[in-house]
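So the structure is just underneath, and the comments pick up after that.
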Ligand code: SF4
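Here's what the structure looks like:
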C-alpha cells in the first residue's frame, strides 16, 4: 500500500557529503547531495534544502545561532530550528562562546535523548549524530573512484565488496589498514543506504545509537557515544523495516528486503490458508508475498498491474475519477486468477479503506476467494517519535468493525502478523550475523565492539503495543 493512502508519513531524511583530500576538489558535492536526496524521496517530500561550505564560509544555522543568543525565538516550526536552538546553548561547564561542538552536541543529546539523526556541518567537518535510542537510522558510505565501479565489469555490491574490503564484526565493511586514502574520493552520510550505488558510494557502516562521528577530509572518527538514560535498550523504529525504508537499504547489518521476505515466511507459519496462489498489492508487499509463497509451497502469481503515474498531481481528482476508485490505479491480470483462490499479501491495513475496493475488483474479475494476510501487526497507538499516524479513532484496529474485519472489507479471511512474529523476523538476521561473528574469533579479538552491538539491539514497537521507549511527559 502507498504511504500516502495509509495515512502514515515518515517525516524526514538527511544526506551529507564531504570530499576527501585537498580542497578545492573535483568532486561535484552539490550534485552528489542532490542525487542522494532523490534517493530519499520516499521518506518525505514536503520540503528540502541543501547547504554547502568551501571550508571557510559560515552557514545559515550559525547565523541563526547568533540570532538566538540575542533572544530571537523559533520562527519556522521546524524541528531543525529547535535543534539549532539547543545547539546554540552553551553547556554550563563550558566557557562562553566555546567552539567545543562535541560538548554542545552532547548537551543536546542529554536534553533530547530521542528521536533524530543529525548532520551538523561546521566549516570543513560534518558531525553525524544518532540519538541514544537509535530510533532513526543513519549510515555512512565511501565514495570510490568510478573506475572501481565500472572497470571491474560489475557494479560493486556488498558481495563484491567483501572480496576487497574486510568485514568487521558488526557486519559492516571497513577499509583495511594500509589502503591509501586517495582511493576514497569522499564520504557520504544518509538516512538510508539505498542511493549509495547510484552516486558511486559503497556502504561503510552504520552510525551507532548515541554515537557522535566526526567526518573530515582526512578520516571518519568516533568522538563519543552518549548512553541511554537508565541503561534502557536501543529502540530502533520497527516500521523502518515494515514500511518506510526502501527495500535495498541496509539496517543493523541486514537488507530491508530480506527482513520483509522473512516476515512473509513467518506469516505463512502463523496463518496458512488453503488456496491456489499467493499474490501482492504491488509493490511494497512483494518481498513478503514471495516469502509467504516460498514457505507454504504455493505459486507466486501477479494479479494486479499498477499504473505508476496515477498518483501524480497533474491528474486532477474529479467526481468521475474518484468514483472509479482503485480501478484507475490498478489493472487486473484476470487470466492469472480466474476461478482461483488467492492469498493476497499487504504490508499493512491501517484505516481499512483501500483494501476493500481491491478485493471487490478481484472478485468481480473472477477470483473465487480472496484471503488477506497482513505482513505487520495492527497499528493501535500514536507515534510520538516523528511519524505521522492517523488518529486512534481512525485506525481500523480500534474500531468496532475490526471484530469482523473480513466481513467489513469483503475478504474470505484476514490475519495480521503477530508482534512476536515481526520481532523474530527482524531479529533473526541479527542473530545469524552474531553467530557468524562468534565463529570468526580472530576478528572478534581485533574488533571487540561488534558483539556488544548485537547484544544491545532493540526495537520500538510502541504504535503496535503502546510500550513507548521513553516515558511520555504531558
Ligand atoms: S511508535 Fe511505531 S512508527 Fe513510531 S518510532 Fe515506534 S515503531 Fe516507529
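In the working numbering, the protein residues as written are 368 to 841. We put the beta carbon where it would ideally sit given N, CA and C, even for glycine.
(message) Could you check whether residue 514 and residue 752 sit closer than 9 Å to each other, using their CB atoms as the reference points?
(response) no
(request) Name the two residues that bound the continuous alpha helix (DSSP H) containing residue 449. (result) 446-455
(message) By the DSSP assignment, the alpha helix (DSSP H) with residue 468 in it spans what residues?
(response) Taken as a continuous stretch (DSSP letters only), the alpha helix (DSSP H) holding residue 468 covers 468-478.
(message) So for residue 641, helix, strand or coil by DSSP?
(response) coil
(message) Suppose only complete runs of 4+ residues qualify. What are the alpha helix (DSSP H) ranges in the region 547-603, listed by chain order?
(response) none
(request) Give the range of the alpha helix (DSSP H) segment to which residue 854 is assigned. (result) Examination of residue 854 is not possible in this model, given that the chain is present from 368 through 841 alone.
(request) Consider the C-beta atom of residue 765 and the heavy atoms of ligand 1; say whether any pair is separated by less than 8 Å. (result) no
(message) I believe residue 507 touches residue 552 by the beta-carbon criterion, under 8 Å. Please report the beta-carbon distance rounded to the nearest angstrom.
(response) So it is not a contact: roughly 14 Å between Cβ atoms.
(request) Evaluate residue 437 with the Cβ neighbour count: other Cβ atoms within 10 Å of its Cβ, from every protein chain shown; 16 or more gives buried, anything less gives exposed. (result) Bear in mind that a pLDDT of 48 at residue 437, under 50, signals an unreliable position, so the number given afterwards is only what the model happens to contain. Burial call: exposed.
(message) So the candidates are 760, 722, 588 and 696; which of them puts its Cα closest to the Cα of residue 469?
(response) 588
(message) Rounded to whole angstroms, what is the Cα-Cα separation between residue 813 and residue 574?
(response) At residue 813 the pLDDT is 40, less than 50, meaning the model places this residue with poor confidence; the figure from the coordinates comes in the next sentence. Each residue's Cα considered, the two are about 20 Å apart.
(request) Counting only the same chain and skipping the five closest in sequence on each side, list residues whose C-beta sits under 7 Å from that of residue 654. (result) 614, 624, 627, 628 and 631
(request) Count the other CB atoms, across all protein chains shown, that sit within 10 Å of the CB of residue 380; report buried if there are 16 or more and exposed otherwise. (result) buried
(request) Express the C-alpha separation of residue 612 and residue 396 in angstroms, rounding to a whole number. (result) 24 Å
(request) Entirely within the region 386-420 and at least 4 residues each: give me those alpha helix (DSSP H) ranges in chain order. (result) 396-405
(message) For residue 739, tell me which candidate among 642, 837, 383 and 564 has the shortest Cα-Cα distance.
(response) Between residue 739 and the set 642, 837, 383 and 564, the nearest pair of CA atoms involves 642.
(message) According to DSSP, is residue 627 part of a helix, a strand, or is it coil?
(response) Note: residue 627 maps to helix in three-state DSSP.
(message) Please tell me whether, using a cut-off of 8 Å, the distance from the CB of residue 826 to the nearest non-hydrogen atom of ligand 1 is below it.
(response) For ligand 1, at least one heavy atom lies less than 8 Å from the Cβ of residue 826.
(message) Can you tell me which residues form a DSSP beta bridge with residue 826?
(response) 603
(message) Using CA atoms only, rank isn't needed, just tell me which of 702, 785 and 799 is closest to residue 609.
(response) 785
(request) Determine the DSSP secondary structure at residue 761, reduced to helix, strand or coil. (result) coil
(message) Within 10 Å of its beta-carbon, does residue 471 have 16 or more other beta-carbons around it, so buried, or fewer, so exposed?
(response) buried
(request) Could you tell me whether the region 758-765 touches the region 667-676, using the rule of 3 or more Cβ pairs below 8 Å? (result) no
(request) Name the residue from 659, 734 and 792 whose alpha carbon lies nearest to the alpha carbon of residue 779. (result) 734
(request) Kindly examine ligand 1 and report whether one of its heavy atoms sits closer than 8 Å to the Cβ of residue 618. (result) no
(request) Starting from the C-beta of residue 475, find all residues in its chain whose C-beta is less than 6 Å away, skip the five residues before and the five after it, and write them out in chain order. (result) 453 and 454
(request) Work out the CA separation of residue 717 and residue 750 for me, nearest whole Å. (result) 14 Å
(request) Please classify residue 710: does DSSP put it in a helix, a strand, or coil? (result) strand
(message) Using a 10 Å radius around the Cβ and a threshold of 16 neighbouring Cβ atoms, would you call residue 885 buried or exposed?
(response) The chain is shown only over 368 to 841; residue 885 falls outside these bounds and no answer can be derived.
(message) Taking the beta carbon of residue 832 as the centre, do at least 16 other beta carbons fall within 10 Å, making it buried, or is it exposed?
(response) Burial is judged here by how many other beta carbons sit within 10 angstroms of a residue's own beta carbon; residue 832 has fewer than 16 and is exposed.
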